[in-house]
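Q:
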Amino acid sequence: KPVWYLGGELAESGVGVPDDELIDRAKRLITDLFPWVDLSGAQWGCFAIDRAEAKMADGSRPDGALFIAEDGYIAAWPTKLTLTPALADSVLAELAGNVTKKRSDGAHTLDALAQLLPKATLAKAHWDR
Numbered sequence: 001k002p003v004w005y006l007g008g009e010l011a012e013s014g015v016g017v018p019d020d021e022l023i024d025r026a027k028r029l030i031t032d033l034f035p036w037v038d039l040s041g042a043q044w045g046c047f048a049i050d051r052a053e054a055k056m057a058d059g060s061r062p063d064g065a066l067f068i069a070e071d072g073y074i075a076a077w078p079t080k081l082t083l084t085p086a087l088a089d090s091v092l093a094e095l096a097g098n099v100t101k102k103r104s105d106g107a108h109t110l111d112a113l114a115q116l117l118p119k120a121t122l123a124k125a126h127w128d129r
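For the sequence shown, the residue numbers in the working numbering are 1 to 129.
(1) DSSP three-state call for L6: helix, strand or coil?
(2) From the DSSP output, in three-state form, read off A42 for me.
(3) Let me confirm a value: P78 is counted as buried when at least 16 other C-beta atoms fall within 10 Å, else exposed. Which label applies?
(4) Between A69 and P85, what straight-line distance do the alpha-carbon atoms span, to the nearest angstrom?
(5) Is DSSP giving E53 helix, strand or coil here?
(6) Are the CB atoms of I74 and E53 nearer to each other than 8 Å?
(7) What does the alpha-carbon distance come out to for the pair I23 and K124?
(8) To the nearest whole angstrom, what separates the beta carbons of L87 and A65, a pair I think is in contact under 8 Å?
(9) If distances are taken between C-alpha atoms only, which option among R51, T31 and D71 comes closest to P62?
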């Protein structure tokens, strides 16, 4: 089933707002943006997520994706989902510095990265739980 996960300003301004009111806001937003979409059979729901962000010295939110590599672990904060690919590139570059297995052209291989880390399991999406 298709799922539209809405965040951004709707989520930011919806903190502490009752679910029924937030759903009404979401319906109005989708209707305004996509007036041709039939929402009559849509199911709606809300859930809260606690933000996990790097702490900035001035108390502001980070401008970009951040990670810290220290003592054999990497802690990563994409800050926004749109920054996740850039974060992945940065983390892979960090990991590549710790990999010894290389191809004949000197490039690090994904097989070598797989030796460093077990394959991650995928968590169930909130709406599939």
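Idealized CB from N, CA, C, for every residue including glycine.
A: Looking at the atomic coordinates:
(1) coil
(2) coil
(3) buried
(4) 18 Å
(5) coil
(6) no
(7) 23 Å
(8) 4 Å
(9) R51
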